[in-house]
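Enquirer: Mind having a look at this structure? Questions to follow.
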């Protein structure tokens, strides 16, 4: 659920003759709210850095947020959010669905932070020092953290010893929620995996599928919008060839720093690609500030500006200005905004280069983007150069079964059809207990957000179905005692 950026591993772009690998990022809010929306206590639990070694004894403190307001003990349920790649308070404040339904179930609410993010740093300031320190940043280690935390909660909270646990997660957190149920079925009775692209891996899903969905979103936003964007890439490159053209672009887009070189223009191209990706992900039906303050149905609003202009690039600039400066408070636009600038961003870059090999590409034919192919060999080479690690592109498939997951049970896979990441999601039910829920008017994990009067009927019905399934899981658990 962290902020989405398509970040260049290699700065040269395909339509200018080089190789451009897209590093897909999930959406993540920019930072924790100054005033949290929900009340909770912040606690810490000591975890081993390496769960799978009998000789390494290093430990760290995992942060978790807990609310016991609705919990009445005597085996009441525990709702656990499996933290994403970022500060856990951000996900807590943006997962209103859990807070909305906790009173109905008299549930204890827990948000567990993912190792190497937020305050849960295994080696403090040295956590990102080198691959040796970063090597314990894996999904497997994070899942083991969650399992040990559950054991601790049940042992330390009066009345929780026999409490059933339901896991919730969105985006990468949704992937973890699904994998948690697969790997630790004795720890969690079921999982809601929202917008979880568990099949967005090598050999499972075509690399360009997400970008085709984005293109469809913009087509729906306004007729011809995708055509304007498609034309903009070559126009941007052509204008960026000269100093006069770069000066004009800098002024047109109100950039904080002028475009001085063609490399700067390539960076701007990547920035715009990220902008349209981000916009499709947060195409919510009401005003929201998940990534940026935006109006309801922002794709439609942006497309109306793009298509209203007789000049393609001026229309693109107006659309970008709405995305980054809807409030009118930004004096200029910073094309470095999507660059790797924080430890959280670095963490996902490392995961992308170790086990989260999620192919991403565009072809300019089935989508509105410039040609940017996926090349596994180049990806491996660049990851070796950047992080000094060799990616394992098929490791996740071996760990979690790829598309052969019917041995698992009690997982809800929810996906919004407006969400680019639905391309790698489970879109059809695989069994009576591996249930797929599709949300016609849903963007990225809209169902995990708090209810809103502007919610489309499709997400209202999805939440009702999710609540009913969770209720059935709990009934089955209690009847088996």
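Residue numbers (mature numbering (1 follows the signal peptide of the UniProt record, and there is no 0)): -16 to -1, 1 to 465.
All C-beta atoms in this analysis are idealised placements derived from N, C-alpha and C, irrespective of residue type, glycine included.
If you're wondering where the values come from, they're calculated on a predicted model, not measured in any experiment.
At 4 residues or longer, what runs of the alpha helix (DSSP H) sit wholly inside the stretch 199 to 244?
Expert: 209 to 223 and 227 to 236
Enquirer: Rounding to the nearest angstrom, what Cα-Cα distance links residue 175 and residue 257 in this structure?
Expert: Here the question's residue 175 lines up with position 191 in the chain shown. Here the question's residue 257 lines up with position 273 in the chain shown. Spanning the two alpha carbons is a distance of roughly 33 Å.
Enquirer: Taking the C-alpha atoms as reference points, what is the distance between residue 337 and residue 122?
Expert: As a position in the chain shown, residue 337 is number 353, starting the count at 1. As a position in the chain shown, residue 122 is number 138, starting the count at 1. The straight-line gap from Cα to Cα measures roughly 11 Å.
Enquirer: Taking C-alpha atoms, which residue in 427, 395, 404 and 444 lies nearest to residue 420?
Expert: Numbered from its first residue, the chain shown carries residue 420 at position 436. Comparing Cα-Cα distances from residue 420 to each of 427, 395, 404 and 444, the minimum goes to 395.
Enquirer: Find out if the Cβ-Cβ distance for the pair residue 239, residue 289 is shorter than 9 Å.
Expert: Translated into positions along the chain shown, residue 239 becomes position 255. Translated into positions along the chain shown, residue 289 becomes position 305. Going by C-beta atoms, residue 239 is not nearer than 9 Å to residue 289.
Enquirer: Using DSSP with H/G/I as helix, E/B as strand and the rest coil, what is residue 424?
Expert: Within the chain shown, the letter at position 440 stands for residue 424. Three-state DSSP puts residue 424 in coil, outside helix and strand.
Enquirer: From the DSSP secondary-structure annotation, give me the bridge partner or partners of residue 45.
Expert: In the chain shown, counting from the first residue as 1, residue 45 sits at position 61. Paired residue(s): 30.
Enquirer: Please state the DSSP three-state secondary structure of residue 172.
Expert: The residue given as residue 172 occupies position 188 in the chain shown. Correct three-state label for residue 172: coil.
Enquirer: Hey, residue 261 and residue 194: beta-carbon distance below 9 Å or not?
Expert: On the chain shown, residue 261 is found 277 positions in, with the first residue counted as 1. On the chain shown, residue 194 is found 210 positions in, with the first residue counted as 1. Yes. Within cutoff.
Enquirer: If you scan the stretch 331 to 411 from start to end, which runs of the alpha helix (DSSP H) of 4 or more residues do you find wholly inside it?
Expert: 360 to 371 and 379 to 384
Enquirer: Considering only residues of the same chain and omitting the five flanking positions on each side of residue 468, which have a CB-CB separation below 7 Å?
Expert: The question about residue 468 has no answer, for the chain in this structure spans -16 to 465.
Enquirer: Given this structure, state the Cα-to-Cα distance separating residue 113 from residue 229, to the nearest angstrom.
Expert: On the chain shown, position 129 is the one that residue 113 refers to. On the chain shown, position 245 is the one that residue 229 refers to. Rounded to the nearest angstrom, the two C-alpha atoms are 41 Å apart.
Enquirer: Cα separation between residue 118 and residue 441?
Expert: Taking the first residue of the chain shown as 1, we reach residue 118 at position 134. Taking the first residue of the chain shown as 1, we reach residue 441 at position 457. Near 44 Å, if we compare the C-alpha coordinates of residue 441 and residue 118.
Enquirer: Can you tell me whether residue 63 is helix, strand or coil according to DSSP?
Expert: Mapped onto the chain shown, residue 63 falls at position 79. Here residue 63 sits in strand by DSSP.
Enquirer: Can you check whether the CB of residue 147 is closer than 9 Å to the CB of residue 60?
Expert: Locating residue 60 in the chain shown gives position 76, counting from the first residue. Locating residue 147 in the chain shown gives position 163, counting from the first residue. Contact: yes.
Enquirer: Note down the Cα distance separating residue 355 from residue 192, rounded to an integer number of angstroms.
Expert: Working through the chain shown from its first residue, we reach residue 355 at position 371. Working through the chain shown from its first residue, we reach residue 192 at position 208. Cα to Cα, the separation comes out at about 10 Å.
Enquirer: Residue 296 bridges to which residues according to DSSP?
Expert: To locate residue 296, count along the chain shown from 1; it is residue 312. Looking at the DSSP assignment, residue 296 forms no beta bridge with any residue, so it has no partner.
Enquirer: Would a C-beta distance cut-off of 9 Å place residue 100 and residue 130 closer than the cut-off?
Expert: Position 116 of the chain shown, counted from the start, is the residue given in the question as residue 100. Position 146 of the chain shown, counted from the start, is the residue given in the question as residue 130. With a cutoff of 9 Å on beta-carbon distance, residue 100 and residue 130 are scored as not near each other.
Enquirer: Which one of 187, 150 and 124 has the shortest CA to CA distance from residue 408?
Expert: Along the chain shown, read from residue 1 onward, the residue named residue 408 stands at position 424. Checked all of 187, 150 and 124; the closest Cα to residue 408 is 187.
Enquirer: Compute the Euclidean distance between the alpha carbons of residue 324 and residue 252, then round it to the nearest angstrom.
Expert: For the purposes of this step, residue 324 is identified with residue 340 of the chain shown, where counting begins at 1. For the purposes of this step, residue 252 is identified with residue 268 of the chain shown, where counting begins at 1. Residue confidence is low: residue 324 scores 38 on pLDDT, short of 50, so the model does not pin down where it sits. Its coordinate-derived value is still stated next. The alpha-carbon atoms of residue 324 and residue 252 are separated by roughly 15 Å.
Enquirer: Hey, is the stretch 363 to 371 in contact with the stretch 329 to 348, meaning 3+ C-beta pairs nearer than 8 Å?
Expert: Three or more beta-carbon pairs separated by less than 8 Å link the stretch 363 to 371 to the stretch 329 to 348, which places the two stretches in contact.
Enquirer: Can you tell which of 200, 55 and 74 has the C-alpha that lies nearest to the C-alpha of residue 265?
Expert: Taking the chain shown and counting its residues from 1, one reaches residue 265 at position 281. Per the Cα distances, 200.
Enquirer: Taking only the alpha-carbon atoms, compute the straight-line gap between residue 308 and residue 89 and give it to the nearest angstrom.
Expert: To locate residue 308, count along the chain shown from 1; it is residue 324. To locate residue 89, count along the chain shown from 1; it is residue 105. Each residue's alpha carbon lies about 39 Å from the other.
Enquirer: Measure how close the beta-carbons of residue 155 and residue 68 come, nearest whole angstrom, since I'm counting them as under 8 Å.
Expert: As a position in the chain shown, residue 155 is number 171, starting the count at 1. As a position in the chain shown, residue 68 is number 84, starting the count at 1. Sure, about 6 Å apart at Cβ, within 8 Å.
Enquirer: Comparing C-alpha positions only, which one of 247, 181, 53 and 233 sits nearest to residue 381?
Expert: What you label residue 381 is simply residue 397 of the chain shown in a count that begins at 1. Checked all of 247, 181, 53 and 233; the closest Cα to residue 381 is 181.
Enquirer: To the nearest angstrom, how far is it from the Cα of residue 299 to the Cα of residue 349?
Expert: For the purposes of this step, residue 299 is identified with residue 315 of the chain shown, where counting begins at 1. For the purposes of this step, residue 349 is identified with residue 365 of the chain shown, where counting begins at 1. Cα-Cα distance, rounded: 22 Å.
Enquirer: Would residue 106 pass as a contact of residue 372 if the rule is Cβ separation under 9 Å?
Expert: Stepping through the chain shown from its first residue, residue 106 is reached at position 122. Stepping through the chain shown from its first residue, residue 372 is reached at position 388. Not in contact: residue 106 and residue 372 (Cβ atoms no closer than 9 Å).
Enquirer: Starting from residue 414, trace the alpha helix (DSSP H) both ways and give me its first and last residue.
Expert: For the purposes of this step, residue 414 is taken as the residue at position 430 of the chain shown. Looking at the DSSP string, residue 414 is not in any alpha helix (DSSP H), and its letter there is neither H nor E.
Enquirer: Starting from the N-terminal side, write out each stretch of the beta strand (DSSP E) that is 3 residues or longer and does not extend beyond the stretch 136 to 194.
Expert: 149 to 154 and 174 to 178
Enquirer: Over what stretch of residues does the alpha helix (DSSP H) that includes residue 81 continue unbroken?
Expert: Sequence index remark: in the chain shown, residue 81 carries index 97 (1-based). Note, residue 81: alpha helix (DSSP H), 80 to 89.
Enquirer: For residue 92, collect the residues of the same chain with a Cβ closer than 6 Å to its Cβ; drop the 5 residues on either side in sequence, then sort them by chain order.
Expert: Here residue 92 refers to the residue found at position 108 of the chain shown. Here the set comprises 52, 55 and 62.
Enquirer: For residue 34, which residues of its own chain have a beta-carbon under 8 Å away from its beta-carbon, when the five flanking residues on both sides are left out?
Expert: Numbered from its first residue, the chain shown carries residue 34 at position 50. Closer than 8 Å at the Cβ level, and outside the excluded window around residue 34, lie 40, 42, 120 and 125.
Enquirer: Relative to the C-alpha of residue 202, which candidate in 403, 184 and 452 has its C-alpha closest?
Expert: Residue 202 sits at position 218 when you count from the first residue of the chain shown. Taking only the C-alpha atoms, the option nearest residue 202 is 403.
Enquirer: If we count the other Cβ atoms within 10 Å of its Cβ and call it buried at 16 or more, is residue 44 buried or exposed?
Expert: As a first step, residue 44 is located in the chain shown; it is residue number 60 there, counting from the start. Burial call: buried.
Enquirer: Where DSSP assigns a beta bridge to residue 25, which residues make up the other side?
Expert: One-based indexing of the chain shown puts residue 25 at position 41. Per DSSP, 50.
Enquirer: Would you kindly work out how many angstroms separate the C-alpha atoms of residue 268 and residue 173, rounded to a whole number?
Expert: Counting from one through the chain shown, the residue named residue 268 turns up at place 284. Counting from one through the chain shown, the residue named residue 173 turns up at place 189. Distance between the alpha carbons of residue 268 and residue 173: 31 Å.
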